[in-house]
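This report concerns only the one structure given below.
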Amino acid sequence: MSSSDASTETTTETTSASPASSTAAPAPPSLPRRRGSGRYRVIMVCTGNICRSAMAEIVLNDRLVAAGLHMREPDGVVVTSAGVSDEERGNPIDSRARRVLAEAGYGTGADDVSRATDIAITSHAAHRITDAEIAEADLLLAMTDSHWNILQRRAAGLGAEPSRIRMYREFDPAAAPQTEAVAAGRASRGVLNVPDPWYGTMADFADTLEVVERVSDELAARLD
-16 MSSSDASTET TTETTSASPA SSTAAPAPPS LPRRRGSGRY RVIMVCTGNI CRSAMAEIVL
44 NDRLVAAGLH MREPDGVVVT SAGVSDEERG NPIDSRARRV LAEAGYGTGA DDVSRATDIA
104 ITSHAAHRIT DAEIAEADLL LAMTDSHWNI LQRRAAGLGA EPSRIRMYRE FDPAAAPQTE
164 AVAAGRASRG VLNVPDPWYG TMADFADTLE VVERVSDELA ARLD
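Using this note's numbering, the letters of the sequence shown correspond one by one to residues -16 to 207.
The structure is reproduced here in C-alpha cells:
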C-alpha cells in the first residue's frame, strides 16, 4: 500500500493484548554506518534493474518522501537502484511491475508523495551498477546471493568495505529466522533470495511487492 493511501486509511485498535512469546524474536541486523558527512546512500541491486530493484527503490522512496527523509539536507537518505548486468540498459520499469504498483496505489494520487512516486516510476531507466556507485554507497542491498557475490567481487577490486553489501531480505521481518540461520552458519545465503518475478505471473509480482513493502517499512523506520 502506498504511503498516501495508508495515511487516509482508518484502522481500529483492539484492546486485547496478545500473549507474550516465550522465545524472543531475533534482533534485526544493524545498518552500516554512514561513510562520512552528507546523505546516506542506499542502492537496491538485482539483475536487469527493471523489476525487483526498481520496485524496491520506488517503494522505499515513497516511504521516505512521506516521512520527510528523502533528500533532506544535510543528513537525508538517497535511494537508487541498479542491475548487475547491462542487458536492460535504458529500459523502463517492467510493465507488470508498474501495473502492480499502480494497483497498490503508488503514483496514482494527487498529493505530493504520489506525484513524486509517479515521476520516479515514469522516469526510471535501467542501468548496470557502476564502480563509483559501489564505492560511494553506504548500503548495497542484493536481491539474491548471486547478486551479493558479484557485488562482493567488485567491491574487493575497488577496496570498498564488504560489510556494506547485504541481502535485501535481511531486513524483512518475515525472514528473521532465515536471517538468523544464515548469520549462524546454519543456512546458505540463498534462503534469503527474492525470486525474479520476470519469469512468472502477476501473482508473482504481487508477492514481490509484499516483500518489498515489508522491507521498505523496516528500512524507513531504521533510517529515520
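We put the beta carbon where it would ideally sit given N, CA and C, even for glycine. Here the structure is a predicted model, which means the values were calculated and not measured.
{"query": "Continuous beta strand (DSSP E) stretch holding S64: start and end", "result": "V60 to G66"}
{"query": "Residues that I26 bridges to, as DSSP identifies them", "result": "T63 and L123"}
{"query": "Residue nearest to G19 in terms of C-alpha spacing, selected from G59, V177, A159 and D187", "result": "G59"}
{"query": "Residue nearest to M38 in terms of C-alpha spacing, selected from M150, A203, A204 and F188", "result": "F188"}
{"query": "Beta bridge counterpart(s) of H107 as assigned by DSSP", "result": "DSSP lists no partner for H107."}
{"query": "Bridge-paired residues (DSSP) for M150", "result": "A125"}
{"query": "Stretch pair the region 147 to 154 + the region 105 to 122: three plus CB contacts closer than 8 Å", "result": "yes"}
{"query": "The region 158 to 174 / the region 63 to 71 touching (three or more Cβ pairs under 8 Å)", "result": "no"}
{"query": "Close-in-space but distant-in-sequence residues of the same chain around A157 (CB under 7 Å, 5 per side omitted)", "result": "R197"}
{"query": "Reference A118; option with closest CA among I133, A164, P15 and A143", "result": "A143"}
{"query": "Distance CB(I41)-CB(D77) smaller than 7 Å", "result": "no"}
{"query": "From W131, G88 and T100, residue whose alpha carbon lies closest to that of M27", "result": "W131"}
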